[in-house]
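A.B. asks: For the protein sequence lines, the chains are A and B, in the order given.
Going by our numbering, the first residue of the first sequence is number 129, and it counts up by one from there.
Going by our numbering, the first residue of the second sequence is number 129, and it counts up by one from there.
Think of the CB as a built atom: it goes at the ideal place given N, C-alpha and C, for glycine as much as any other residue.
Note that the coordinates shown come from a computational prediction; the quantities given were computed from them, not determined experimentally.
One structure, pasted below without further comment.
2 protein chains.
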Amino acid sequence: MLSHKTKYALKALLYLAQQDENHISRTIEIAEGANIPKKFLEQILLDLKRGHFVGSKQGKYGGYYLLKDKETITLADIHRLFDGAIALLPCASLNFYERCSDCVEESECHLRHGLMTIRDETLKAMQGITIASLVKK
Amino acid sequence: MLSHKTKYALKALLYLAQQDENHISRTIEIAEGANIPKKFLEQILLDLKRGHFVGSKQGKYGGYYLLKDKETITLADIHRLFDGAIALLPCASLNFYERCSDCVEESECHLRHGLMTIRDETLKAMQGITIASLVKK
DNA sequence: TCTAATTCTACTAATTTTATAGAATTAATT
DNA sequence: AATTAATTCTATAAAATTAGTAGAATTAGA
């Protein structure tokens, strides 16, 4: 399941993607438009900025805007930024690999193989969903 | 991601599936064989029993055994029993549907549609992984 | 200099997860 | 009937994560 943070991030990106080119959106505007707690959204937008998905302009008349092309921002990207691994266990993850503490011999783990299959399928599906594709629906 | 509970449940089922037909496994035997904390495993086995995946025999020489055919127990089933919805948000779930509290008009939610696509793909993949298919690997 | 925005650091409250403890119950064997 | 060894049940606790808040610092346009 997605955390609220990831859901809010997606809703914020969706909001930004629907604005006119060159429009700068204030946090309060996004918060009200997408129904997200304002202070929580501040943190989320900062994280999106650090991830180079949005840009910001400081000071009066400042705010946020999409930095990356909305066709290239995928659900997988945002999931990884906020909720981490796509895989169902760290040992089956590409980007967040970690060994299971209860694992005796990883190469012989029956579970891991199955979970890597799931990861490949889920990843493919999640990479197919972009901010642009969501807006179009 | 799977919780430890779900991971342990899968490992326990895998252990049971690899025993001889008619063999009854004690909790301690499964715990040591699959490297799972014994007291935690007790609860998990009870949940699996309530879900009709395993059967139990009480008293001396009692223990647990697979009740359902290992070909019919899927990753999706076990995920739902312990971690709940397969979908990434409750509003996109088949079995755990719930409306988002921050949602204004669900039928117009851009995000929901995309997440239902992901759910269908992931579910299909997870239903393809059975305890039997994992053992074979 | 005033105003209104982002940015940063720290904190808190609630929830969920991961267990553990110990008594009650069950049933096979002696 | 007593003993033994297992499941079952209820309650609790500790740790981690999530969700959200507070408030000061910084930035920049008017």
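Determine contact between the region 192–201 of chain A and the region 250–263 of chain A, defined as no fewer than three beta-carbon pairs at a distance below 8 Å.
C.D. replies: Yes, the region 192–201 of chain A touches the region 250–263 of chain A.
A.B. asks: Return helix, strand or coil for Y225/A, following the three-state DSSP convention.
C.D. replies: Note: Y225/A maps to coil in three-state DSSP.
A.B. asks: Since V232/A is in the alpha helix (DSSP H), which residue starts that stretch and which ends it?
C.D. replies: Per DSSP, V232/A belongs to no alpha helix (DSSP H) and is neither H nor E.
A.B. asks: Who are the neighbours of T250/A on chain B, taking C-beta pairs under 8 Å?
C.D. replies: Under the 8 Å cutoff, chain B gives I246, E249, T250 and A253.
A.B. asks: Verify whether the separation of the beta carbon atoms of I152/B and K166/B is less than 7 Å.
C.D. replies: No, Cβ-Cβ distance for I152/B and K166/B is not below 7 Å.
A.B. asks: I'd like the span of the beta strand (DSSP E) that includes G183/B, first residue to last.
C.D. replies: Segment V182 to K185, the beta strand (DSSP E) holding G183/B.
A.B. asks: Does the contact criterion of 3 or more C-beta pairs under 8 Å hold for the region 203–213 of chain A versus the region 172–185 of chain A?
C.D. replies: The region 203–213 of chain A, when compared against the region 172–185 of chain A, does touch it at the 8 Å Cβ threshold.
A.B. asks: Less than 7 Å between the beta carbons of L130/B and L251/A, yes or no?
C.D. replies: Contact: no.
A.B. asks: Please list, in chain order, the chain A residues whose beta carbon lies closer than 9 Å to that of I164/B.
C.D. replies: Those are D230, listed as they occur along chain A.
A.B. asks: I need the DSSP call for S153/A, collapsed to helix, strand or coil.
C.D. replies: The answer is strand: DSSP assigns S153/A an E or B state.
A.B. asks: For E226/A, which residues from the same chain have a beta carbon less than 8 Å from its beta carbon, with the 5 sequence-adjacent residues on both sides left out?
C.D. replies: Closer than 8 Å at the Cβ level, and outside the excluded window around E226/A, lie P218 and C219.
A.B. asks: Could you pull out every unbroken beta strand (DSSP E) segment of at least 3 residues lying fully inside the region 162–208 of chain A, listed in chain order?
C.D. replies: Qualifying beta strand (DSSP E) stretches, in chain order: 182–185 and 191–194.
A.B. asks: Give me the Cα-Cα distance between K133/A and S235/B, rounded to the nearest whole angstrom.
C.D. replies: C-alpha separation (whole angstroms): 22 Å.
A.B. asks: What residues of chain B sit near V263/A, judged by a beta carbon separation below 9 Å?
C.D. replies: Within chain B, the residues near V263/A are H238.
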